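Colleague: According to the working numbering, the residues represented by the sequence shown are 10 to 285, in order.
Every residue gets a Cβ at the ideal spot worked out from N, C-alpha and C, and that includes glycine.
Keep in mind the model is a prediction, meaning the values are calculated, not measured.
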Amino acid sequence: MEFEQSVVQHYSHGSLERVIVAALAASGKDLDRLTLADLAPVDEFHIGGRQATIEFAERLGVGPGLSLLDVGSGLGGASRYFASEHGCRISGIDLTGEYVRVADALARRVGLEERVSYRQGSALDLPFETGMFDGAYMLHVGMNIRDKEGLFAEIRRVLRPGGFIGIYDVMREGEGDLNFPLPWASSAETSFVESVAAYRALLESAGFAVEKERSRREFAIDFFRRMRAQAAERGGPPPLGLHILMGASAQQKAANMSDLLERGLIAPTEIIGRAV
Ligand SMILES: C[S@@+](CC[C@H](N)C(=O)[O-])C[C@H]1O[C@@H](n2cnc3c(N)ncnc32)[C@H](O)[C@@H]1O
């Protein structure tokens, strides 16, 4: 699909692994003994980073031995956290080939390559068998996918009955134009932000029972305030951070998102459901 190419273009960097490794070295990390915590400032591309993933995993109630699908796995930070801290096996799928390659490389660097794997592909056409996963999750991905009906139908297909779906996306809270660029899209062409009510209706018609919903607005506002305070104290961003992924317009993207959040137009929101 043409707009999928625009999504790939938006996220592609060109020399991401090299730049991340250089930033790790500049932060004083031992490249031969990297930990999950070392990578977290750059490999969790969603509001609240690792802390958001920790709290989301608690709400999902995941446990050892589960086989999970990470939809739009990005650089794979969340998948490595679920594998390492909760004993799950994770298959990640992502549209952006460069992210898939870097996710693989980072998994090898922290010795988790036996428990996580990544494939390039579309969430709308999952290369997995019917009913093969115990659960699926998606962190800050739905904003790039117009056909959420098709997306949820595909996720429902690959889950076993009773399997869970966990979503942590930026959702629409109030009326008004979004100002671009934003971290997930440079223009409205590849941005499809929907309300929690729309997500709920689409999930239910795809065969999910929605069990939990939670706005993370206050958590997000607090996160951005802390980020700004830390940057001001340091006189700029640290060597390793999401600015590497967001490129030259990183500051503008973060500022636009924070402004929309404070004005009540958008908020990151969790939804957890079960395949019925
Ligand atoms: C903001 S990033 C979030 C990455 C990761 N979930 C995380 O939280 O670190 C959005 C990701 O969704 C991926 N993506 C967007 N549309 C997709 C689609 N149709 N199928 C698979 N991946 C997609 C992008 O390539 C990108 O890696």
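(1) Threshold first: 3 residues or longer. Then list the beta strand (DSSP E) segments lying entirely within the region 120-179, N to C.
(2) Keeping to the same chain, check which residues put their C-beta closer than 6 Å to that of residue 17; ignore five residues upstream and five downstream.
(3) Thinking C-beta only, is residue 173 closer than 8 Å to residue 102?
(4) Is the closest heavy atom of ligand 1 to the C-beta of residue 63 under 7 Å?
(5) Drop a sphere of 10 angstroms on the beta-carbon of residue 199, count the other beta-carbons inside from all chains shown, and report buried for 16 or more, exposed for fewer.
(6) Could you tell me which uninterrupted alpha helix (DSSP H) segments, each at least 4 residues in length, are contained entirely in the region 190-248, listed from first to last along the chain?
(7) Would you tell me roughly how many angstroms separate the C-alpha atoms of residue 135 and residue 123, rounded to the nearest one?
(8) Would you mind working out which of 69, 70, 47 sits nearest residue 59, comparing C-alpha positions?
(9) Buried or exposed: which applies to residue 144, given that a residue is buried once 16 or more other Cβ atoms fall within 10 Å of its Cβ?
(10) Any idea if residue 206 is buried or exposed, counting beta-carbon neighbours within 10 angstroms, 16 or more meaning buried?
(11) Is residue 154 near ligand 1 - that is, is its Cβ less than 7 Å away from at least one heavy atom of it?
(12) Classify residue 170 as buried or exposed, calling it buried when 16 or more other Cβ atoms lie within 10 Å of its own Cβ.
(13) May I have the straight-line CA-CA distance separating residue 164 from residue 33, to the nearest angstrom?
(14) Let me check one thing: in DSSP terms, what residues is residue 276 bridge-paired to?
(15) Determine which residues share a DSSP beta bridge with residue 288 and list them.
(16) Could you name the residues that DSSP lists as bridge partners for residue 27?
(17) Hey, would you say the C-beta of residue 53 is under 7 Å away from at least one heavy atom of ligand 1?
(18) So, do the region 247-263 and the region 142-157 have three or more beta carbon pairs nearer to each other than 8 Å?
(19) Helix, strand or coil for residue 282? Go by DSSP, reduced to three states.
(20) Grab the span of the alpha helix (DSSP H) containing residue 47 for me, first residue to last.
(21) Starting from residue 62 and walking both ways along the alpha helix (DSSP H), at which residues does that stretch end?
(22) Taking the alpha helix (DSSP H) that residue 117 belongs to, which residues open and close that run?
Modeller: According to the structure data:
(1) 125-129, 142-148
(2) As a working mapping, residue 17 is identified with position 8 in the sequence shown. Answer for residue 17: 104, 105, listed in chain order.
(3) On the sequence shown, position 93 is the one that residue 102 refers to. On the sequence shown, position 164 is the one that residue 173 refers to. Cβ atoms of residue 102 and residue 173: not closer than 8 Å.
(4) Here residue 63 is taken as the residue at index 54 of the sequence shown, counted from 1. Not under cutoff, so the answer is no.
(5) Against the sequence shown, residue 199 aligns to sequence position 190. Its Cβ being crowded by 16 or more others within 10 Å, residue 199 is buried.
(6) 205-214, 226-243
(7) Position 126 of the sequence shown, counted from the first residue, corresponds to residue 135. Position 114 of the sequence shown, counted from the first residue, corresponds to residue 123. Distance between the alpha carbons of residue 135 and residue 123: 21 Å.
(8) Working through the sequence shown from its first residue, we reach residue 59 at position 50. Measuring from the Cα of residue 59, the nearest candidate turns out to be 47.
(9) Along the sequence shown, one-based indexing puts residue 144 at 135. The residue in question, residue 144, is buried, as its Cβ has 16 or more Cβ neighbours within 10 Å.
(10) Translated into positions along the sequence shown, residue 206 becomes position 197. With fewer than 16 Cβ atoms within 10 Å of its Cβ, residue 206 is classed as exposed.
(11) Numbered from 1 along the sequence shown, position 145 holds the residue referred to as residue 154. Yes - ligand 1 has a heavy atom lying nearer than 7 Å to the Cβ of residue 154.
(12) Position 161 of the sequence shown, counted from the start, is the residue given in the question as residue 170. So residue 170 counts as exposed.
(13) In the sequence shown, the residue the question calls residue 164 occupies position 155. In the sequence shown, the residue the question calls residue 33 occupies position 24. Going from the Cα of residue 164 to the Cα of residue 33 covers about 35 Å.
(14) Taking the sequence shown and counting its residues from 1, the one referred to as residue 276 is at position 267. Note: residue 276 sits in a beta bridge opposite 180.
(15) This structure gives no information on residue 288, because the portion of the chain shown stretches from 10 to 285.
(16) In the sequence shown, the residue the question calls residue 27 occupies position 18. None, per the DSSP bridge assignment.
(17) Here residue 53 corresponds to residue number 44 of the sequence shown, with the count starting at 1. Checking the Cβ of residue 53 against ligand 1 gives yes.
(18) no
(19) Translated into the one-based positions of the sequence shown, residue 282 becomes position 273. The answer is strand: DSSP assigns residue 282 an E or B state.
(20) For the purposes of this step, residue 47 is taken as the residue at position 38 of the sequence shown. Note, residue 47: alpha helix (DSSP H), 45-52.
(21) What you label residue 62 is simply residue 53 of the sequence shown in a count that begins at 1. Here the alpha helix (DSSP H) through residue 62 covers 58-69.
(22) Within the sequence shown, residue 117 is the residue found at index 108, counting from 1. Per DSSP, residue 117 belongs to the alpha helix (DSSP H) from 106-118.
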